[in-house]
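Take the sequence shown: its position 84, counting from 1, is numbered 686 in my numbering, and each next residue is one higher.
Here's the structure we're looking at; comments come further down.
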Amino acid sequence: MSNLSLKPNYLVLAITLLSGCAIGPDYEKAPEVASEELPTWQFNDEANQTGASVATLDWRSFYQDPVLQEYIQQALDNNIDLKIASERVYRSQIGLVESDSRFLPNVDMTFDADREKTSRALTTDPKIDNEFKWTANVSWELDLWGKLRRSNEADIANLQATQAEFYGSRISLIAQVAELYYKIQDAQNQIQLTNNNIVAREKSKRITELRHAQGIISGLDVSQSNVELMQEKLKLPALHNSLNSNMYQLSILLDQSPKKLKIPARNPNNLDRESLPVGLPSELLKRRPDVISQERKLHAATAAIGVAKADYFPNISLVGNFGAKSLEVDDLLDNAEYWEIGADISMPLFNWGATTANIDKVKSEYRETVLNYRKVIFVAFRESAEAIENVDKNRTEYYLKRELLAATDEYLRLANLRYSNGVISYIDVLDAQRNQAKSQQDFSAAAESLQTSFVGLYKTLGGGWDSAGYNTALNNEEEIDETVEQQSNIINSQMPVAPQTQDN
């Protein structure tokens, strides 16, 4: 460490000449994975549609059930995990303020008051002296090699990654609420169907007992009707357990008592949607928060290389002290001022390879981030392909099971008619009832599967947030401060306000 006096003019010239350089590689936006590198997943015609995508819809436009909308909004307002995620964003924003402050001079002030008596062992005339001093200290680290700029660049990218992760948490929360809502509706519907079937089986049992007493049918028919009744009753405990479990899970997401949940009945015949435009598969990457977050982490890892390399070069800080010193307090403002200006220069000479080792470590972290970025892209394509195929499969099953239900309804009607005319035995009627009951329950389950597959597709595509506006802000490289402000405005408009702490 040395302290050198420099004339201001030479100092300004040196700063001007060196401030334009920044050690380390400049970030270049990560290239998209070429189509030939991707696995041979096949996207259907919906995935190849151009124009508007379902992912661009606001969640209120996608989930049009007003009760479901109310619960989703309640979850966004109250969910604990989302509040935890918002606190991470808040801390990143505060951290960026600290990062920005490193570019500016650091100023502090001290006031000292000393009273000293000379030792009699040192002088025959000991005295008591007072000294009063106030000092303003100024230090300013010169970012000649771009270390602070690279560090700030990494902090901005990490903030943006945290914001994207918050959006991912938000999308996942909305999907969880919707899925549980549909599962609860299905469980309620299954219970209602089972109760209806129990009533029908009890009626059938009474009829068979009466006809057996009249000698029209054998005791086998009575036993068969009783078996069918018991089998229906055995379904209820599992259905109620599933309903209660889903209610508890939903109540946790909403942060409220499950007793307050009022889920309306569902009409399984009015679920299908129009064709859902998905958009080109390559466009999926531009709206998924996890892809954006990983790309921002790649930017931060690139900047970290420059921070590490800057340790090879001197660290230069301008320092200045000015104030006043006197023997009496009243004299501090009367010709007692003093000042000092200089520069502190520090540079490692021999650290036995520590700087090089740190650079190698940061480069390894960068390579790992590149691999993670590619991995996220592969996962995005796989999940998208699976979600699209899942919608197709469930939509097909929904239509087929609706047709099967209509067929079993007609079969049961004809079986009852033929049984009344004595053409067939009651065993055939029970078989028709069993098929019709199973078709009802299968159709209800198919409706729930179709609804949840829509939820999965919307979630996989990164639907429900302003991804286009976010990407536009990320691409604004000319005004970095404006970029950060745009990011903050986007997230703050949809993020719970961080709680204010009180100092004790």
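Quick reminder that beta carbons are idealized off the backbone N, C-alpha and C, glycines included.
Treat the numbers as computed from the prediction; the structure is a model and nothing was measured.
Residues that DSSP places opposite residue i in a beta bridge
i	result
Asp710	Asn739
Asn923	Asn739, Glu942
Asp731	Glu718
Ser948	Asn917
Ser928	Phe734
Nearest residue (CA-CA) to residue i, options the options
i	options	result
Ser771	Glu988, Thr796, Tyr692, Lys685	Lys685
Val740	Lys927, Phe768, Asp946	Asp946
Leu755	Lys729, Glu700, Phe768	Contrary to the premise, residue 755 reads as Glu rather than Leu in this sequence. For the residues Lys729, Glu700, Phe768, the minimum Cα distance to Glu755 belongs to Glu700.
Leu782	Gly1065, Gly1066, Glu1050, Trp1067	Glu1050
Asn923	Ile674, Trp661, Val656, Asp710	Asp710
Val1031	Ala926, Asp962, Gln826	Gln826
Gln790	Gln816, Gln675, Pro870	Pro870
Ala840	Asp667, Ser806, Ile793	Ile793
Asn828	Ala624, Ser774, Ile1029, Gly1065	Ile1029
Arg868	Ser655, Tyr1001, Trp661, Val669	Val669
Gln833	Ser859, Arg803, Leu1007, Asn848	Arg803
Gln765	Glu897, Val909, Thr958	Glu897
Leu920	Val993, Ala912, Leu744	Leu744
Arg889	Phe705, Arg704, Ile979	Ile979
Gln1035	Asn732, Ile786, Asn799	Asn799
Ala987	Phe768, Ser688, Thr720, Gly1058	Gly1058
Pro728	Leu1052, Leu831, Thr720	Thr720
Trp941	Gly925, Ala632, Val824, Arg662	Gly925
Tyr1060	Ala1048, Ala982, Phe1045, Ala1047	Ala982
Lys785	Ala1047, Gly1066, Trp1067	Ala1047
Gly1065	Tyr769, Leu795, Ile943	Tyr769
Lys835	Arg704, Ile809, Ala1039, Leu678	Ala1039
Lys805	Ile818, Ser928, Arg704, Glu830	Glu830
Asn1037	Gln1053, Ile1026, Leu1006	Leu1006
Gln858	Asn680, Tyr629, Phe1045	Asn680
Buried or exposed (CB count within 10 angstroms, at least 16 for buried), residue i
i	result
Asn996	buried
Met949	exposed
Thr971	buried
Leu812	exposed
Gly626	buried
Arg751	buried
Gln778	buried
Tyr665	buried
Thr1062	buried
Ala624	buried
Pro1101	Confidence at Pro1101 is low in this model, with a pLDDT of 39, below 50, so its placement is unreliable and the value that follows should be read with caution. Pro1101 is exposed by the Cβ-count criterion.
Leu852	buried
Gly821	exposed
Ala956	exposed
Lys1003	buried
Thr712	exposed
Asn953	exposed
Glu1081	With a pLDDT of only 39 at Glu1081, under the threshold of 50, the placement of this residue in the model should not be trusted, and no figure is reported.
Gln1053	buried
CB contact check: residue i to chain D, cutoff 7 Å
i	result
Leu973	Absent from the structure is chain D; it holds one protein chain and no more.
Contact test: residue i Cβ vs the ligand MN heavy atom, cutoff 6 Å
i	result
Gly944	The ligand MN is absent from the structure shown, which contains no ligands of any kind.
Would you call the segment 715-722 in contact with the segment 852-867, where contact means no fewer than 3 C-beta pairs closer than 8 Å? no
Flag this pair as touching only if the segment 891-903 and the segment 721-735 have three or more C-beta atom pairs under 8 Å; answer yes or no. no
Curious, which full-length alpha helix (DSSP H) runs of at least 4 residues does the segment 941-1026 contain? 956-1022
For the segment 755-764 and the segment 899-908, state whether three or more C-beta atom pairs, one from each stretch, are separated by less than 8 Å. yes
Pairs of beta-carbons, one from the segment 1013-1023 and one from the segment 955-974, closer than 8 Å: are there three or more? no
Does the pairing of the segment 929-943 with the segment 1008-1019 give three or more beta-carbon distances under 8 Å? no
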